[in-house]
Every structure is written in C-alpha cells, then in structure tokens.
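The structure appears right after this line, and notes come after that.
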Amino acid sequence: MNKIITTLATTLTISLTFNTTVQARIINSISPPSGTGQGDVFCPQVQTSVDTPFPNNSGNQINNFPGLSCTPKTFREIAPIDTQLFVEPSGGITEYLLRETVVNSTESIWDGFNMAIGFQSDDALGGDNFASPAVILVPAGFAIPTFNNVQPTSSKFAQVNPDGSFNLNWSGGTVAPGESVDFTFSLDIPDDLEGNNFYDSFTIRQLPIASNLNENQTVPEPSLIFGLLSLLGFGFANKQKL
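Numbering (the working numbering), first residue to last: 24 to 265.
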C-alpha cells in the first residue's frame, strides 16, 4: 500500500498521501459556506462545480464565489464564515481569480475584513475547527494553496495588507449595516514537492472586523492544533511502515 488518505466526509480536510508522482491540483468543486457568521441561516447542501479551462496556468476565474448556495455571502454575526474548496491532481501550478460580494446584515459597522487560507477537522476536538498552515507547521517538502501576488481589490476598503501567504487583511474603509462590498483575490494551487500529496481540500475563512473586537477569532484553540499535529504524526508513522 503506497497511499494513505485520511478523510472524514467534508469536514476533515487534511489528507496525507505518499507516492512517487509529483501532484499539482485544480479546484473541482466548492461546498456551501458555513459558520456562526451566518447566524441561523442554513445553506442548501449543493456543491458548486468549478470549470478550469487553463489547468496548470493562469487565466482561470471563479465568479460569484462561493457559488450555487448562499451567494452573495451574508454575515448576520461578527463571526467567521468558512468555505471549503475541493481539489484534484493536474500536473502544475494553477492560478484562479475569484470575485465575490459580501453583505453586511449585522448591526455593526465594519472597519476591516480578514481572509485566511487554512484547513479544518471535525468538531470532536472541541472549539474552533480551523487552523492556518503557519500554525500547524506544514512540513518541508509539502506545498499548499496560497494567496497569489496579483493585487486584490475591494469596492469599500482602500488598503490590503497580505500577512504572509495565507492572510489578507483589509482596512481603510467601512461597510455599514445593509451595505455590500465586492472583493477580488487570486489563489495559487501548487505542486507538492518531493512527491507528497498533503491535502485534497482546503478552506477559506472570512471574518468582518468591527472596531477590532473579533480579530482573535482567526486563531484556533490549542485542542485543534494538537489534533492536527497528531494527524500529521500518524501519517508520517505509517509512511515509515510502508
């Protein structure tokens, strides 16, 4: 057996695969958004297929992100909304330009907005189920999605500060209750290095900022971090047995 994949339906989004083929990825589908930022709204469980006309290249677009379910994305609470994207091998780095509209249905004026790339596990560990790649210490030899260096844009925020490769922090504007804001941003979906296939999906977390009250919500609880590290350790231990 030369391949180990740990996948729990659509909630466990970290996979460990070991083979001799260098794998890249394209996005093939997007799950409905979820999270406490939506309030009591339940999104229809309809997957959105993604067309990639230029695999292993730039020029691919995902308009009206996240897709068929709960679009435009509407925040009813100052809390995160997560959107999971599923990927499949393709053979090179594939770039996507995403466009989306976000609606402020909260009672607060937003003075910032955060986007983050990360991975999820199920809630059995307790607490938040999202962790940044920087937090879970992705091992050397693995390549994962990043925000591309193409300049992101916003219809409401004048400034964007990329915090490494996995965070976009918007500021320099406001979004009042009842208003919407448009964003564009780019993703790179890369090759893995050394023949490793680390994941079969990833998550984009989005969080409005109101007077800096909820910035700490992007940080996962320790139970999740330890759980994810345990998953990594399990994968490496099994690799040694093969």
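Glycine residues also receive a C-beta, built at the ideal position from the N, C-alpha and C atoms.
These numbers were taken from a predicted model, which means no experiment stands behind them.
Q. Which class does residue 176 belong to by DSSP, given the choice of helix, strand or coil?
A. Reduced to three states, the DSSP call for residue 176 is strand.
Check: residue 121 and residue 208 look like a contact to me (Cβ under 8 Å); what is the Cβ gap, rounded to whole Å?
Finding: The beta carbons of residue 121 and residue 208 sit about 6 Å from each other, so the pair counts as a contact at 8 Å.
**Request:** State the start and end residues of the unbroken alpha helix (DSSP H) segment that holds residue 156.
**Result:** For residue 156, the uninterrupted alpha helix (DSSP H) segment begins and ends at 156-159.
query = Closest to residue 116 by CA distance: which of 158, 80, 153 is it?
reply = For residue 116, the nearest C-alpha among the options comes from 80.
- Message: Taking 7 Å as the threshold (C-beta atoms), are residue 188 and residue 109 in contact?
- Response: For residue 109 and residue 188, no; Cβs fall outside 7 Å.
Item to complete: State the DSSP-derived secondary structure class of residue 60, mapped to helix, strand or coil.
Response: Annotated three-state conformation of residue 60 is helix, per DSSP.
Per DSSP, what kind of secondary structure is residue 68 in: helix, strand or coil?
-> Three-state DSSP puts residue 68 in coil, outside helix and strand.
| message | So, with DSSP's three-state summary, where would you put residue 99? | response | Here DSSP, grouped into helix, strand and coil, assigns residue 99 to coil.
| request: Report buried or exposed for residue 199, applying the criterion of at least 16 other Cβ atoms within 10 angstroms of its Cβ. | output: Around the beta carbon of residue 199, fewer than 16 other beta carbons sit within 10 angstroms, so the residue counts as exposed.
Exercise. Would you mind stating whether residue 185 and residue 212 have Cβ atoms separated by less than 7 Å?
Key: No, the Cβ-Cβ distance between residue 185 and residue 212 is not below 7 Å.
First through last residue of the beta strand (DSSP E) which encompasses residue 202: From DSSP, residue 202 is part of no beta strand (DSSP E); its letter is neither H nor E.
Less than 7 Å between the C-beta atoms of residue 95 and residue 49, yes or no? Contact: no.
- [ ] Closer than 7 Å by C-beta to residue 56: which residues in its own chain qualify, once you throw out the five before and the five after it? Chain order, please.
- [x] Result list for residue 56: 66, 89, 93, 96, 104, 105, 106, in chain order.
On the DSSP letters alone, give me the boundaries of the beta strand (DSSP E) that residue 121 sits inside. Per DSSP, residue 121 belongs to the beta strand (DSSP E) from 117-127.
_Mapping the DSSP letters down to three states, classify residue 185 as helix, strand or coil._
Note: residue 185 maps to strand in three-state DSSP.
Checking the sheet assignment: what are the DSSP bridge partners for residue 91? The partner list for residue 91 (beta bridge, DSSP) is empty, contrary to what the question assumes.
Margin query: Just to confirm the assignment, what range does the beta strand (DSSP E) spanning residue 18 have?
Written below: The first residue shown for the chain is 24 and the last is 265, placing residue 18 beyond what the model contains.
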